Amino acid sequence: MKSAIRRKYGPPNTLKVETIERPTPKAGEVLIKVHATTVNRTDCALVTGKPYIMRLFVGLFNPSHPTPGTDFAGVIEEVGQGVTKFKVGDKVWGFRDEGLHSQAEYMTYSAEKNIDFLPKGISFEDAVASLEAPHYAYNFMKNVEIKKDSKVLLNGATGGIGSSALQMLKAMGIEVTAVCNTKNIDLIKSLGADKIYNYEKEDFTKDETIYDFVLDAVGKSSFGKCKPLMKEGGIYISSELGDNWENIFYALSTPFFGKKKVIFPIPSNIKDSMNYMKGLLEEGKFKPVIDRRYPLEEIADAYEYVASGQKTGNVVITVHG
Ligand SMILES: NC(=O)c1ccc[n+]([C@@H]2O[C@H](COP(=O)([O-])OP(=O)(O)OC[C@H]3O[C@@H](n4cnc5c(N)ncnc54)[C@H](OP(=O)(O)O)[C@@H]3O)[C@@H](O)[C@H]2O)c1
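Straight run, no breaks: the sequence shown in the working numbering ends on number 1284.
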């Protein structure tokens, strides 16, 4: 089978597509024919090995497994001994942020882990683009109490996490001010933003509205700059550590000092996120934003583009057409 391969950490061109042996499912595992996977920011970290802390989980000096990939949507091709939940031909999706070796034509995975039946009526591409970024968006928000009348400012509303958070907030009926650039204004309007700041022309921190929550989904602002936008008791949530890891420091100190808090949630419980997303997708309340599609052979180009930090929404790899 064809597989993306890298045997050491490095830039996107470290990745090559090679022919390797198809894996065989062990007891309790399934063999999945991968139809689609994404290249996301977590994948970029697993390929470059940066931030270095990632290496504690995926190989200290070199990657512990040569095939990268964190998510998949595909079809069960074989079931290992003892698997009763899935049968050959079932359509499935799944995600794991320490890597799943899914950027290949076939992969094996434990039937007990983060794998479930594909949401009904959803394509492989849409399913796979509804995993990594929505998982983070959902985790950033489920740790705070967002009420019907809460006001939220969302910076980076066009990214994978941002475009997911925007749709989740609108599905909850929340008023959202979104920040994006000129080319994405129509997209952000179509996802339901109530007010839009074009960061190429305006400074959103000058807004006079006072918000309950500021969610920075790309880590391009700071707590200090956003503080004047927040009400007393307001919460700043960022997807990035910030300069000198300041968001960790603030997350530890602001609950005790000051009236405005920073939280830096560590995403967990992928099954919970998948169940939540399955509900939104099947109810027609979520449509993932797909920026580009690449065949597996061009996966290094896909990584190059994602690493540029300029993707809009998601980048999908179409493995089996
Ligand atoms: N904490 C965690 O566990 C965790 C997990 C995954 C990812 N992350 C981090 O979260 C961040 C977002 O991930 P992602 O996958 O959503 O990223 P992404 O899709 O690559 O985000 C790119 C988006 O950022 C926007 N952007 C760039 N510069 C901007 C600026 N100055 N102001 C506002 N928006 C700007 C771009 O929009 P335009 O095209 O409009 O410029 C683009 O749409 C990444 O930095 C990633 O490392 C954190």
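Beta carbons are placed, not taken as given, at the ideal position from N, Cα and C, and that holds for glycine. Only a predicted model underlies this, so the values are computations on that prediction, with no experimental measurement involved.
C-alpha distance - residue i paired with residue j, whole-angstrom precision
i	j	result
THR982	GLU1260	11 Å
LYS1105	TYR1160	25 Å
VAL1046	HIS1064	20 Å
GLU1068	TRP1208	38 Å
LEU1204	SER1184	11 Å
ILE1211	TYR1015	17 Å
THR1033	ILE1280	12 Å
LYS1158	ILE1173	13 Å
MET1240	ASN1147	24 Å
GLY973	LEU1244	35 Å
ASN1144	ASP1175	23 Å
SER1214	ARG1059	Before going on, a small fix: residue 1214 reads as Ala here, not Ser. Spanning the two alpha carbons is a distance of roughly 26 Å.
PRO1191	PHE1103	21 Å
VAL1252	GLY1276	5 Å
THR1140	GLY1052	43 Å
VAL1269	SER1027	23 Å
Unbroken alpha helix (DSSP H) run spanning residue i, endpoints
i	result
LEU1117	Unbroken run through LEU1117 is the beta strand (DSSP E), 1114 to 1118; no alpha helix (DSSP H).
VAL1269	1262 to 1270
TYR1213	1209 to 1216
GLY1123	1123 to 1134
PRO1097	1095 to 1105
PHE1186	1186 to 1189
ARG1018	1018 to 1021
ALA1036	Element bounds for ALA1036: not the alpha helix (DSSP H) but the beta strand (DSSP E), 1034 to 1042.
GLY1010	Correcting the residue type first, residue 1010 is Val in the shown sequence and not Gly. Taken as a continuous stretch (DSSP letters only), the alpha helix (DSSP H) holding VAL1010 covers 1004 to 1011.
N- and C-terminal bounds of the beta strand (DSSP E) containing residue i
i	result
HIS998	992 to 1001
LYS1054	1054 to 1058
GLU904	Outside the displayed span of the chain (964 to 1284) sits residue 904, for which this structure offers no information.
PHE1080	1078 to 1080
Contact belief for residue i with residue j at Cβ below 8 Å, rounded distance in angstroms
i	j	result
GLU1061	GLY991	Incorrect: roughly 18 Å between the Cβ atoms, too far for contact.
LYS1222	GLY1196	6 Å
VAL1341	THR977	Since the displayed the chain opens at 964 and closes at 1284, residue 1341 lies outside it and no answer follows.
SER1236	HIS1098	4 Å
THR1005	VAL1091	Contact flag wrong, Cβ pair sits at about 13 Å.
ALA926	ILE1124	Residue numbering for the chain in the displayed model covers 964 to 1284; residue 926 lies beyond these limits and cannot be assessed.
**Message:** With three or more C-beta pairs closer than 8 Å as the rule, is the stretch 1240 to 1249 touching the stretch 1119 to 1131?
**Reply:** They touch, by the three-pair rule.
**Asked** Which residues count as close to ligand 1 when the rule is a CB under 6 Å from any of its heavy atoms, in chain order?
**Response** In chain order, the hits are ASN1003, ARG1004, THR1005, ALA1096, TYR1099, ASN1118, GLY1119, THR1121, GLY1122, GLY1123, ILE1124, GLY1125, VAL1142, CYS1143, ASN1144, ASN1147, TYR1162, ALA1180, VAL1181, GLY1182, LYS1183, SER1202, GLU1203, PRO1230, GLY1272, GLN1273, LYS1274, THR1275.
**Prompt:** How do the stretch 1070 to 1084 and the stretch 1109 to 1129 stand: do at least 3 beta-carbon pairs fall below 8 Å, yes or no?
**Reply:** Contact between the stretch 1070 to 1084 and the stretch 1109 to 1129 is absent, because fewer than three Cβ pairs lie under 8 Å.
**Message:** Quick check: the stretch 1112 to 1121 against the stretch 1080 to 1087, are at least 3 beta-carbon pairs closer than 8 Å?
**Reply:** Judged by Cβ distances under 8 Å, the stretch 1080 to 1087 makes no contact with the stretch 1112 to 1121, as fewer than three pairs qualify.
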